[in-house]
Amino acid sequence: MISSSSLLSSNNNKNSGNGSDLLGSSGVLLASGSGSKRTQREIQDDLIVLLRTSLSYNPSSFALTVKLSNIFERRNEIGLVKETFQSLIDNLMLKDEFYEKRFQELKLKIDERDEQKLQQQKQQANISNDSETIIKQEELTSEELQMNQEFERIKKCRELISRSITSCFANEMKSVKRINGNKEARSVFSQARKYKRITWHVFYDYAMMEFHANEMKICLRSLELALKYFGKDIEFIIKYLNFLVFIKDLPNAKTVFETSIKSLLLINDLNSISKLFEHFIKIELDYGDLNAVKLLEKRYIKLFPNKLPFELFSKTFESDDHFSVVNAIDEFEITKIANGDSTSLNNSNNESDEPLLKRRDLGNGQQQQQQQQQQDITQLQQQKNNGINHERESTPVISNKPFNVRDEIYNLLRVLPKAEYYNEPFFDPEKTVAFFQKLNLN
Numbered sequence: 001m002i003s004s005s006s007l008l009s010s011n012n013n014k015n016s017g018n019g020s021d022l023l024g025s026s027g028v029l030l031a032s033g034s035g036s037k038r039t040q041r042e043i044q045d046d047l048i049v050l051l052r053t054s055l056s057y058n059p060s061s062f063a064l065t066v067k068l069s070n071i072f073e074r075r076n077e078i079g080l081v082k083e084t085f086q087s088l089i090d091n092l093m094l095k096d097e098f099y100e101k102r103f104q105e106l107k108l109k110i111d112e113r114d115e116q117k118l119q120q121q122k123q124q125a126n127i128s129n130d131s132e133t134i135i136k137q138e139e140l141t142s143e144e145l146q147m148n149q150e151f152e153r154i155k156k157c158r159e160l161i162s163r164s165i166t167s168c169f170a171n172e173m174k175s176v177k178r179i180n181g182n183k184e185a186r187s188v189f190s191q192a193r194k195y196k197r198i199t200w201h202v203f204y205d206y207a208m209m210e211f212h213a214n215e216m217k218i219c220l221r222s223l224e225l226a227l228k229y230f231g232k233d234i235e236f237i238i239k240y241l242n243f244l245v246f247i248k249d250l251p252n253a254k255t256v257f258e259t260s261i262k263s264l265l266l267i268n269d270l271n272s273i274s275k276l277f278e279h280f281i282k283i284e285l286d287y288g289d290l291n292a293v294k295l296l297e298k299r300y301i302k303l304f305p306n307k308l309p310f311e312l313f314s315k316t317f318e319s320d321d322h323f324s325v326v327n328a329i330d331e332f333e334i335t336k337i338a339n340g341d342s343t344s345l346n347n348s349n350n351e352s353d354e355p356l357l358k359r360r361d362l363g364n365g366q367q368q369q370q371q372q373q374q375q376d377i378t379q380l381q382q383q384k385n386n387g388i389n390h391e392r393e394s395t396p397v398i399s400n401k402p403f404n405v406r407d408e409i410y411n412l413l414r415v416l417p418k419a420e421y422y423n424e425p426f427f428d429p430e431k432t433v434a435f436f437q438k439l440n441l442n
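Here is the structure:
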């Protein structure tokens, strides 16, 4: 048996004359023959053959495409650069057509199915003459559930493929720009715009390319065009606003903000509206004035009456790395960690991503309070049955019906910190309740 060490020694002896170790497949591309030297052009030619062969087996590879394009770019062969990227885009377009067709088929079937079920439920409600009947979606069969799951998978693939095609156009645009300037890049951008499901990213990349070429008018025109197509995409809106702030165009940023709010209200996208308000309030705090901040806060509270003003205040002073000084100090985060709360220590970096009310476990508000009250009452009754209170006759009857909490008390409870923010209690509340139940004042 030949050992690995002897094989390695044998190879070293073979290569000792020219001073190079060609172990591995990469050596084939770096040298040929015994001690011969190859030019950079010859090495590139071999790499081109290798990459083209690889792409023939995997035509949808972005990594192989970029590697091959980079070789052509170094040679200033702009036509081959565009041809290489176009080959990849054509292959991705075929996948895009497949996912788009399947997506529309499933969407049509699901819409027809849901509409049919809804009509049946409405008919049943009318026949029973029950005006209080709530139309609910019936439980899905296994076949219908599989259809829904396939729809979600196809939908995700459809989104990924459109984003991938956009990225290919953007990288092709940047490559030809490096070779021959903005003129060739503009032709690629024009081609990208013809793709029906192009995303906003190529518009932004093109705008930044024109910006760095000192073509400010073309840059802003591209972003304005993107706003018409993607005015309901919160990621693009925030990106656009940040750029306008960067170039010190706050008046135009205010216009974009107001236009975007109107667009988002049309589709009732409250989550995006909330994010946009929070972001623009930060902009006004940094570069505007407090009067504008106050007006924005009033508008926000009017749109979201169920949210606490303190929650907006907390978000306003949250940094880009999600550090919240409000959480650290006013929400007693430092106190919790100092008192040895390991849960707080582990989650301190993640808490700022969650709403303030959620962190306080107040997602359901008064309903949760009433449920807790019912649980407390049930627990006390069980304690009585277990012998905690043997003097049944002297104990007042506790109603099973949850009592109503006045708004003043409820609003106070909403803003109070959670119990774990404080030190250990001085006395046991359950024992205290039991004590007062047994107490006979007669």
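If you're matching positions, the sequence shown starts at 1 in full-length UniProt numbering and goes up one per residue. Virtual Cβ for every residue (Gly too), placed ideally from N, Cα, C.
By the neighbour-count definition (other C-beta atoms within 10 Å, threshold 16), V325 is an exposed residue. Distance check between F151 and each of D286, L106, F189, K37 places L106 closest, using alpha-carbon atoms only. Leaving aside the five residues that flank C219 on each side, the residues in its chain whose CB is nearer than 7 Å to its CB run, in chain order, A207, E210, F211.
In the DSSP assignment, T335 falls within the unbroken alpha helix (DSSP H) covering 333-338. Residue environment for A185: buried (at least 16 other C-beta atoms within 10 angstroms of its C-beta).
The DSSP assignment places no complete beta strand (DSSP E) segment of no fewer than 3 residues inside the stretch 89-170. Boundaries of the alpha helix (DSSP H) harbouring P251: 250-266, taken from the DSSP string.
With 16 or more neighbouring CB atoms inside 10 Å of its own CB, D205 falls in the buried class.
Note that the C-beta distance between V176 and A192 is not below 8 Å.
The residues G231, K232, in chain order, have a CB closer than 8 Å to that of S263 in the same chain once the five nearest residues on each side in sequence are set aside.
In the three-state reduction of the DSSP assignment, E318 falls in the strand class. Per the DSSP secondary-structure output, S324 pairs in a beta bridge with E318.
Around the beta-carbon of Y300, 16 or more other beta-carbon atoms lie within 10 Å, marking it buried. Counting C-beta atoms within 10 angstroms of its own C-beta, L312 has 16 or more neighbours from the protein chains shown and is therefore classed as buried. Per DSSP, the continuous alpha helix (DSSP H) segment holding S69 begins and ends at 62-74. Annotation: the continuous alpha helix (DSSP H) that includes T432 extends over 429-438. Here the stretch 73-86 does not lie against the stretch 103-123, with fewer than 3 beta-carbon pairs under 8 Å apart. DSSP places I409 in the helix class (H, G or I) of the three-state scheme. F280 is the residue among F280, K109, E430, K156 whose C-alpha sits nearest the C-alpha of K315. Under the criterion of beta carbons closer than 8 Å, I165 and M93 qualify as touching, at roughly 7 Å. Rounded to the nearest angstrom, the Cβ distance from F62 to L88 is 7 Å, consistent with a contact under 8 Å. Here M216 is exposed, its C-beta having fewer than 16 other C-beta atoms within 10 Å. In the structure shown, the three-state DSSP call for E184 is helix.
Counting C-beta atoms within 10 angstroms of its own C-beta, Y57 has fewer than 16 neighbours from the protein chains shown and is therefore classed as exposed.
With contacts defined by Cβ atoms closer than 8 Å, Y240 and L223 form a contacting pair. DSSP places K302 within a helical segment (H, G or I) once states are collapsed to three.
R221: member of the alpha helix (DSSP H) spanning 216-230, first to last residue. Rounded to whole angstroms, the gap between the alpha carbons of L145 and L276 is 35 Å. From the listed residues I261, M173, F103, V415, the smallest Cα separation to L303 is found for I261. Here Y195 carries a coil assignment [DSSP, helix/strand/coil]. Taken atom to atom, the span from the alpha-carbon of K248 to that of T255 is near 14 Å. Remark: C-beta atoms of T84 and S60 do not approach each other more closely than 8 Å. Contact annotation: R158 and Y229 have beta-carbon atoms that are not nearer than 8 Å.
Annotation for I161: L92, K95, D96, Y99 place their beta carbon closer than 8 Å to its own, counting only its chain and skipping 5 residues before and after.
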